[in-house]
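Residue numbers (this note's numbering), protein chains in the order written: chain G, 1 to 287; chain W, 288 to 612; chain D, 613 to 975; chain X, 976 to 1209; chain R, 1210 to 1458. Note that beta-carbon positions come from the ideal geometry of N, C-alpha and C, so glycine has one too. Report on the following structure.
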Ligand SMILES: Nc1ncnc2c1ncn2[C@@H]1O[C@H](COP(=O)(O)OP(=O)(O)OP(=O)(O)O)[C@@H](O)[C@H]1O
Ligand SMILES: Nc1ncnc2c1ncn2[C@@H]1O[C@H](COP(=O)(O)OP(=O)(O)OP(=O)(O)O)[C@@H](O)[C@H]1O
Ligand SMILES: [Mg+2]
Ligand SMILES: [Mg+2]
């Protein structure tokens, strides 16, 4: 019983981190349909920026977080105008190649300035203090991540499904020429969506850094993890990604509690089973 | 109609001089490379093996349009199978290649039965999952595979009973080259066959392919198995030439790199696969040699430049240049 | 005559730290001792293999041996990279000095391997003995599930049980894991008083030590003992939560000796942004060994290997010698605790187990 | 004659490097009903797409109310009052019928108007766009463009795939639009329909206009038409 | 033995929407049947049920007396049923020639063969050229399909499907997008089809329907409203109200 409860609590806590680090990819890859392998790159840049701010300049965590997210957005805007805008039109394979190229450059830049070692983000000590839930001890920062995750998923759902912007975005992605001829300013819609994706990547990267520490090769090291969440969640579905992240978190945690010896094999077999049964994502019935 | 003449299908029939020229260039290239860079045989052999591997992926991705990120599964199985075969059964290299091919084909068949029903992102993830499971299994089966330390104790007999593997790597170079050459000729036949045309049809419009009565799934599995067999051969070559197999053979990075090399060179073109591999590995080698800490910049910018200026891959460079004037 | 030494290591990618540490230590040694040895000029040629990649390692060795005509090979961070060159060095009769790879079995693959680093058994057995004689009764092991982890687990368990301790649980954690909460939960409920952990340096160690604190194990009075987890290269990243972690290793950057002070001072002067770690001393002593071998045997590999056997010298880590049987370094193993020293964290030695050979070689 | 509402002046345009339109010049006047006919592949669709800004324009000028618009991106041309119903319909598959309409809404248009025009769409309002029948997609494409309240409506074979009753109804709608002062440009394969609808007819051949005549004139002079469009008619 | 295609009590629901309701009809060899009806009546859906792209909710379909309702699409095509797509579905990055060649090779069951060249069979090549000529596609033969105008693509669509030499042919709006001046190409092609072939044509162009069909079925809301000769149908007041409108008579 306590094990089951632990699995659920730890699983949700872990799943929420998975959600936070991959939600930016759900926006760029799921909604905008760019095979954006550079997603982790934006998380890396956000994390590296937060590292420098908290470590070298002693800026407190919260302002550092906000400044870093803003900094990534500021970088993403010209990048979109100059580079990504052309990438949208590429075939999927070309997108793979282009975004790999971008991520290489991002990694090399961080490597050049900060080296290839871990880039810790200093947090107030209280954040990593254990909180006793009665049946279980949970670090405070996980509770913060859970709350942040809930806020992000709600806001994003409303934005995409309930606003005109959401409709414009999905229309532009489906058929840019037609959307434009209906008067939708597709370049601006793309720019906004892309910046949102980059901001979320940075936000998630920084919040998730307690578990997936930032270092120059972060984008490549965890690429599979980001992709899994989006794949299991289903392209373009925010709620899907959320459910997927939580399920994967619980699944992986269950594997570690119950079958630690074959945890990895169990995890990937389970993913295989899910994708075989639901090739379009957890929430979408296969047609 | 004359307005359209420039956009006419640029697929000349491979006939006459065009049939023989590329293999001759390849052969000549090998001799020149062998003669010019006698000290880099080890590195050049790695390029040749990688070419075999990328070619096998070209059949699957470039021709049939099946995008996976787990091609290392077949490579790794081929490598382990050939390595174990050499240790426990026979040191004959060619037999080992056959075993590698069989292992690659077998894993492609078993996983392909599942994978070929999927597409898009889920196919990518499934293929990654298969590779991860294999890697983890190899890592855990320490008694058989040596785990993370690698499978050691491989020592190969002479090729065809005549050519001993030498210290400098001459035999290895020509051995790998001959394998590449044969594979290339085989693939040329395959892609120009009705089966090859059907693969291109599948890539283009699966639903239409079904509507003309093609058993899509079977064709895709067949292509995957064929590609898997060739990838297995590439793995077997590595095992034989390095005399060691490590679990890195199943690395995700390897699968991703293969895709990058292929797209860089030009997917759906056999020579594109060769050029992509050659350029990627050479640039990597030279750049990493000059500045190991920052070579990633060079690769990053090269890759970006190619997608932006040569969207059909490096192989389209000559065509581009000719069109300029 | 110019004698070339080929250094095969990882200079690029996520593991580039190894190559960097090697190269810095080599340069410090050369700066201190010059490049002239017995009338020869020693020149180092570096080859990057980008991580664990035996194919690249073998090709690099071929190129070094054939084109560069190197008389000594050196470096080697990952075990497969070292294993891949074994047939080559045996054939070429060229000694290869291992600066880091810690698998005992490597030296069995070729007569021409000599090692100046450590093996897992060499540091883990002393850790177990020390724990047993310092109050640990019930222990749980938590290791990453790959060869080095399993090696460490075996070494620790056998040594600890030998001393009469009880191992209540052996946990193997998947290598890819970053969320250790479930394992720490198990450790907590196992009833052990001490946890022995082994994880690869980098993100895994980072997340594990964090989780160790955050899940309240420290408060619950479960002690931590490890080996390389508090490596100087990641220590600052671990931050204050690392304070108090106890580890057994053959070298600490703040080892208290004249030789080490000189090493550190020169290193700080040449590479102010960098720190020393066990890989540094492995390389530093490796170069020292190569110099000695050149003095003794010049470029004759077989003779050099003979000369290496039994050689002893004073290293920045303390007294060392090469075991003639295993061609591996015999050295002191120190018990250290992480402390804050001004602005940085250090591994402060407070106990020592002397003259430990490679205890894993005969297994 | 009054100044043209829309004017193409020696326009050369195409896809990539190819030229499909070669020196095409035409004028459309306010409130006019203009039909464009021509055989397959002569560039009818390309003409409309060029007006909308969807092709590569190599040279020439496009003016709306005398203002040059050829540098403007498509969405700004749309905001200036040009509306296009594409030949391939281009329904947004990941949007529902209603969202498809919302994507086109501007200037306070109400989707109820669209539902009034095509009751069938109201029945299927929550259907995914990709799951409509061919004809329903055609209705949706027309309704969606009308949601933008364009002044000048470019219709690329809007009747294709519609049941005859609906076609009749639609032609009435187009008529009504033009009587409200809107300008309608209709590309149509069926010459009879085009002649019935239009005031003026343009015949396109290989990216250029070969005939510009009033519908009445053409009706009276069938062989003129046959010569250009119906060369293959037995 | 009954030849041709029999549809028995076929229904299809999409969730709550009933798109085909208990449809029963015969398509005997040699029939020229037209299926007309308002937009969204379920005509395309019905065609998809026959070809096997959709699975019926209930009911069965027989070909020459064999139940084929459970067979996959590719198998049904192999057995001689073929259909054109209402919205062209072609091999866009292959040449026009390859678009025609591929179905011929498939029909001859060659596409599993590795060893010979795809253009190496002279009988096949002859047929390819003949088909291209028939649809006046020879000048475009080496163009990639994606560079063709839509109407040209419609012709390729038809040429491709006819290359399969089916026994039951379903044409879903074959003339849509083809100018009236060129629709004779389509009409001629249909008229030239072998006499024993059974054709089901879905079309809103009544001129074409009346020219080629000898029997017309009117589908409304998923059910068959009436069935009869072109003469009967064009006179039927209900059909005129629901579908034809005033313009036809
Ligand atoms: N996307 C494209 N890329 C390249 N060429 C194209 C493209 N679309 C059309 N073309 C070419 O441009 C020419 C004109 O095409 P367009 O679609 O404008 O003709 P159309 O008159 O509308 O024909 P239809 O009546 O068949 O619709 C054709 O020859 C066609 O091959
Ligand atoms: N996959 C689906 N899911 C839900 N509804 C569907 C699906 N496919 C078709 N429909 C609906 O079923 C009805 C019948 O569609 P169908 O395409 O068969 O019509 P049709 O008779 O061919 O019409 P048209 O003449 O306009 O082509 C339509 O209302 C359509 O919206
Ligand atoms: Mg057109
Ligand atoms: Mg239809």
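Not one heavy atom of ligand 3 sits closer than 7 Å to the Cβ of residue 1327 of chain R. Below 8 Å, too few C-beta pairs join the stretch 633 to 642 of chain D and the stretch 921 to 929 of chain D to call them touching: fewer than three.
Rounded to whole angstroms, residue 744 of chain D and residue 971 of chain D show a C-alpha spacing of 18 Å.
Contact with chain W is found for residue 691 of chain D, since one of that chain's Cβ atoms lies less than 8 Å from the residue's Cβ. Note: residue 753 of chain D is bridge-paired with D/782, D/808 in the DSSP secondary-structure output.
Assignment of residue 1216 of chain R by DSSP, reduced to helix, strand and coil, places it in the strand class.
By the neighbour-count definition (other C-beta atoms within 10 Å, threshold 16), residue 95 of chain G is a buried residue.
Of the candidates R/1251, R/1315, R/1322, R/1251 places its Cα closest to the Cα of residue 1227 of chain R.
Within 7 Å of the CB of residue 268 of chain G, the CB atoms of chain W belong to 416, 419, 420, in sequence order along the chain.
The residues 414, 415, 417, 418, 542, in chain order, have a CB closer than 6 Å to that of residue 357 of chain W in the same chain once the five nearest residues on each side in sequence are set aside. Within chain D, the C-beta atoms nearer than 9 Å to that of residue 6 of chain G come from 793, 794, 797, in chain order. In the structure shown, residue 1173 of chain X falls within a coil segment according to DSSP collapsed to helix, strand and coil. Restricting attention to beta strand (DSSP E) runs no shorter than 3 residues, the stretch 363 to 439 of chain W encloses none.
Between residue 442 of chain W and residue 530 of chain W, the C-beta gap is smaller than 8 Å, which places the two residues in contact. Close to chain G, meaning a Cβ-Cβ distance shorter than 7 Å, are the following residues of the stretch 390 to 410 of chain W: 401, 405, 408, 409. Between the C-alpha atoms of residue 907 of chain D and residue 221 of chain G there is a straight-line separation of about 45 Å.
In the three-state reduction of the DSSP assignment, residue 1367 of chain R falls in the helix class. For the stretch 1292 to 1304 of chain R, the set of residues with a beta-carbon nearer than 7 Å to any beta-carbon of chain X comprises 1295, 1296, in chain order.
Chain-ordered, the chain R residues with CB closer than 7 Å to the CB of residue 499 of chain W read 1286, 1311, 1312, 1315, 1373.
Contact note: residue 822 of chain D reaches chain G through 128, 139, 210, 211, 213, using a C-beta cutoff of 9 Å and chain order. Looking at the DSSP output, residue 684 of chain D sits in a beta bridge with D/617.
Runs of the beta strand (DSSP E) lying entirely within the stretch 695 to 771 of chain D and spanning at least 3 residues, in chain order: 708 to 710, 725 to 727, 750 to 756. Set against 7 Å, the gap from the CB of residue 1358 of chain R to the closest heavy atom of ligand 3 is smaller. Within the same chain, Cβ atoms closer than 7 Å to the Cβ of residue 100 of chain G are found at 37, the five residues on either side in sequence being excluded.
Between residue 1321 of chain R and chain W, the shortest Cβ-Cβ separation is below 8 Å.
Chain-order list of chain G residues neighbouring residue 1093 of chain X: empty, with the shortest C-beta distance near 17 Å, by a criterion of under 9 Å. With 16 or more other Cβ atoms inside 10 Å of its own Cβ, residue 1236 of chain R counts as buried.
Residue 951 of chain D: member of the beta strand (DSSP E) spanning 940 to 953, first to last residue. Its chain contains 145, 146, 149 as the residues whose beta carbon lies nearer than 6 Å to that of residue 16 of chain G, once the 5 sequence neighbours on both sides are disregarded; these appear in chain order.
Within 7 Å of the C-beta of residue 1020 of chain X there is at least one heavy atom belonging to ligand 3. Residue G/214 holds the alpha-carbon nearest to the alpha-carbon of residue 41 of chain G among G/214, G/271, G/270. Residue 997 of chain X has no beta-bridge partner at all, per DSSP.
Per DSSP, reduced to three states, the secondary structure at residue 1424 of chain R is strand. In this structure, residue 1388 of chain R has its beta carbon less than 7 Å from a heavy atom of ligand 1.
Interface annotation, residue 75 of chain G: not in contact with chain X, CB-CB separation never under 8 Å. In terms of Cβ geometry, residue 895 of chain D and residue 905 of chain D do not form a close pair [threshold 8 Å].
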